[in-house]
Amino acid sequence: MFYTLSDIVVIVFKTIEVMIVLRILTSWVTIGGASTFRSFLRDFTDPVLKPFKVALHLNPGMGIDLAPIIALFVLYQVELLVLHLIRL
Numbered sequence: 451m452f453y454t455l456s457d458i459v460v461i462v463f464k465t466i467e468v469m470i471v472l473r474i475l476t477s478w479v480t481i482g483g484a485s486t487f488r489s490f491l492r493d494f495t496d497p498v499l500k501p502f503k504v505a506l507h508l509n510p511g512m513g514i515d516l517a518p519i520i521a522l523f524v525l526y527q528v529e530l531l532v533l534h535l536i537r538l
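When the sequence shown is numbered by this note's numbering, its final residue is 538 and no position is left out of the sequence of numbers.
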């Protein structure tokens, strides 16, 4: 089976998006002790989420972390842009 460049781009972006969603879901569940899976998710998604966390931290007083939601939106837009540029 051969993958096109577009397929690879979609796979990479969807993997990152799924990891961010899993991080959101696991943040709601309290697991006793340090979870290896949660550490893996944090290590994998922190480079993507950190710029959004820093930008939103300039606006203190928000009760919910919007960084993952904004990151998912931006990732989706970047994915569309990259796919469009590949197809040119």
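Cβ coordinates follow ideal geometry from the N, Cα and C atoms, glycine included.
Model, not experiment: these values are computed from the prediction.
- Taking the CA atoms as reference points, D515 sits about 8 Å from K503.
- DSSP places F490 in the helix class (H, G or I) of the three-state scheme.
- Boundaries of the alpha helix (DSSP H) around S477: 455-477.
- Between V459 and I536, the beta carbon gap of about 7 Å places them in contact (Cβ cut-off 8 Å).
- Relative to the Cα of F494, the nearest Cα in the group V471, L506, F452 belongs to V471.
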